[in-house]
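Novice: Our numbering puts the first residue of the sequence shown at 240, with every later residue one more than the last.
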Amino acid sequence: MHADRRPDIRGDRGFTLIELVVAMPIMLVIMGGLIIMLTTLSGRSSKLQEQTILQTEARAALNRMEMEIRGAFTGDGSPQIIAAGPTSITFYSPDEAGSAPSVSGPSFHLQKISYQVTSTGLLQRQFMVSTNTYPNASCLSCGGTTQWAWGGLSAWSTVVGASGTIVNSGNSCTPANSHTVPGVFCFYQNNDVLNTIQNPQTPTGWTDTWIPQAFTGSPLAIANTSALNTVVVTLDLSSGGSQPVEFVVSDAMTIRGES
240 MHADRRPDIR GDRGFTLIEL VVAMPIMLVI MGGLIIMLTT LSGRSSKLQE QTILQTEARA
300 ALNRMEMEIR GAFTGDGSPQ IIAAGPTSIT FYSPDEAGSA PSVSGPSFHL QKISYQVTST
360 GLLQRQFMVS TNTYPNASCL SCGGTTQWAW GGLSAWSTVV GASGTIVNSG NSCTPANSHT
420 VPGVFCFYQN NDVLNTIQNP QTPTGWTDTW IPQAFTGSPL AIANTSALNT VVVTLDLSSG
480 GSQPVEFVVS DAMTIRGES
């Protein structure tokens with residue numbers, strides 16, 4: 240007697256209409272959840288990447304600015320800072336890094352360097368380089384044979400702002416409370432970073448006068464820059480997008496002085 244070898248087709252019958260109607264909404268809910276999760280993770284990753292780029296950009300700019308300001312130099316004892324304001328600074332600095340320049344040291348070109356914060360929240364840098372070198376070119380009264388001769392002025396280049404903006408350009412250097420971020424460029428004398436010179440109304444504040452200033456677009460400038468010793472640069476940065484991330488990068492830069 241032969242066994243019935245007819246194929247069992249019950250396993251190939253597929254899903255019934257009722258099973259599909261029940262399963263499809265469940266699958267849609269699961270797929271929707273996965274899409275939302277992936278979109279959220281992608282957005283967070285993109286925002287983290289923007290923040291990282293902005294932090295790296297700001298830290299590199301401050302490191303460069305610190306090196307230039309710490310080495311600020313003129314060769315004749317005149318003020319190293321040419322112009323100073325709440326959103327801009329211009330100063331002299333050698334084109335070489337290292338120890339403080341001296342007559343017996345290596346020769347170098349001098350740079351005239353400017354930084355400014357634009358109305359759109361960008362930190363920009365501009366410079367010109369002398370065509371002659373120290374110590375032969377400095378001033379007639381300090382042993383130099385000629386005065387500085389300058390080459391062409393560079394265009395403004397953006398050093399911070401490719402991935403976000405600076406939002407504290409209008410802030411005061413004496414914040415109302417500890418939670419308020421100070422302004423971008425705050426200047427001090429005699430290494431005293433407790434007394435700001437941008438608030439002459441305070442009893443221990445700066446007594447110099449402000450003068451109208453058109454340099455680099457800054458509305459105000461400090462009249463006597465020879466007393467300036469320390470610059471505190473604070474960048475309150477905001478990343479782009481619909482949900483921007485805000486963070487602060489700051490550094491105190493003291494002029495090393497001439498030897």
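Every residue gets a Cβ at the ideal spot worked out from N, C-alpha and C, and that includes glycine. This one's a predicted model, so the numbers in the text were calculated from it and none came from an experiment.
How close, in whole Å, do the beta carbons of residue 328 and residue 470 come, if the pair is a contact with beta carbons under 8 Å?
Specialist: Start at 1 with the first residue of the sequence shown, and residue 328 comes out as number 89. Start at 1 with the first residue of the sequence shown, and residue 470 comes out as number 231. Confirmed, about 7 Å.
Novice: Taking 7 Å as the threshold (C-beta atoms), are residue 349 and residue 369 in contact?
Specialist: What you label residue 369 is simply residue 130 of the sequence shown in a count that begins at 1. What you label residue 349 is simply residue 110 of the sequence shown in a count that begins at 1. Yes, the pair counts as a contact, with Cβ atoms nearer than the cut-off.
Novice: DSSP three-state label for residue 386, please.
Specialist: Position 147 of the sequence shown, counted from the start, is the residue given in the question as residue 386. The answer is strand: DSSP assigns residue 386 an E or B state.
Novice: Quick one: measure Cβ to Cβ for residue 297 and residue 474, integer angstroms, because I've assumed they're closer than 8 Å.
Specialist: Position 58 of the sequence shown holds residue 297. Position 235 of the sequence shown holds residue 474. Their Cβ separation, rounded to whole angstroms, is 5 Å, which keeps residue 297 and residue 474 in contact under 8 Å.
Novice: Counting pairs of beta carbons, one from the region 349-364 and one from the region 394-404, are three or more of them closer than 8 Å?
Specialist: Yes, since at least three Cβ pairs between the region 349-364 and the region 394-404 fall closer than 8 Å, the two stretches touch.
Novice: How far does the beta strand (DSSP E) with residue 362 in it reach, from first residue to last?
Specialist: In the sequence shown, residue 362 corresponds to position 123, counting from 1. Start and end: 362-373.
Novice: By the three-class DSSP mapping on this structure, what secondary structure does residue 260 have?
Specialist: For this step, residue 260 is matched to residue 21 along the sequence shown. Residue 260: helix per DSSP, three-state reduction.
Novice: Let's see if you can read the secondary structure: which residues bound the beta strand (DSSP E) around residue 493?
Specialist: The residue you call residue 493 lines up with position 254 of the sequence shown. It spans 485-493 - the beta strand (DSSP E) in which residue 493 sits, taken as one unbroken run.
Novice: Straight-line CA distance for residue 427 to residue 467?
Specialist: By one-based count along the sequence shown, residue 427 stands at place 188. By one-based count along the sequence shown, residue 467 stands at place 228. Answer to the nearest angstrom: the Cα atoms are 6 Å apart.
Novice: Provide the residue(s) that pair with residue 349 in DSSP beta bridges, ordered along the chain.
Specialist: As a working note, residue 349 is residue 110 in the sequence shown. Paired residue(s): 333.
Novice: CA-CA distance, residue 485 and residue 353?
Specialist: Here residue 485 is taken as the residue at index 246 of the sequence shown, counted from 1. Here residue 353 is taken as the residue at index 114 of the sequence shown, counted from 1. Cα-Cα distance, rounded: 26 Å.
Novice: In angstroms, rounded to a whole number, what distance separates the CA positions of residue 318 and residue 390?
Specialist: Within the sequence shown, the letter at position 79 stands for residue 318. Within the sequence shown, the letter at position 151 stands for residue 390. Using only the alpha carbons, I get a separation of about 21 Å.
Novice: Is there a Cβ of chain D sitting closer than 7 Å to that of residue 310, yes or no?
Specialist: Among the protein chains of the structure shown there is no chain D, as only one such chain exists.
Novice: Using the beta-carbon count (16 or more within 10 Å), is residue 394 buried or exposed?
Specialist: Position 155 of the sequence shown, counted from the start, is the residue given in the question as residue 394. Classification of residue 394: exposed, given that the 10 Å Cβ count is below 16.
Novice: One question on the structure: do residue 316 and residue 377 come within less than 7 Å of each other, judged by their Cβ atoms?
Specialist: Reading the sequence shown from its first residue, position 77 is the one you call residue 316. Reading the sequence shown from its first residue, position 138 is the one you call residue 377. No. Outside cutoff.
Novice: Measuring alpha carbon to alpha carbon, tell me which of 310, 403, 265 and 304 ends up nearest residue 290.
Specialist: Here residue 290 refers to the residue found at position 51 of the sequence shown. Of the candidates 310, 403, 265 and 304, the one whose C-alpha sits nearest the C-alpha of residue 290 is 403.
Novice: State buried or exposed for residue 263, treating a residue as buried only when at least 16 other CB atoms are found within 10 Å of its CB.
Specialist: As a working note, residue 263 is residue 24 in the sequence shown. Looking at its Cβ environment, which holds fewer than 16 other Cβ atoms inside 10 Å, residue 263 is exposed.
Novice: Among 373, 410, 408 and 307, which one has its Cα closest to the Cα of residue 366?
Specialist: Taking the first residue of the sequence shown as position 1, residue 366 is located at position 127. That would be 307, whose Cα lies nearest to the Cα of residue 366.
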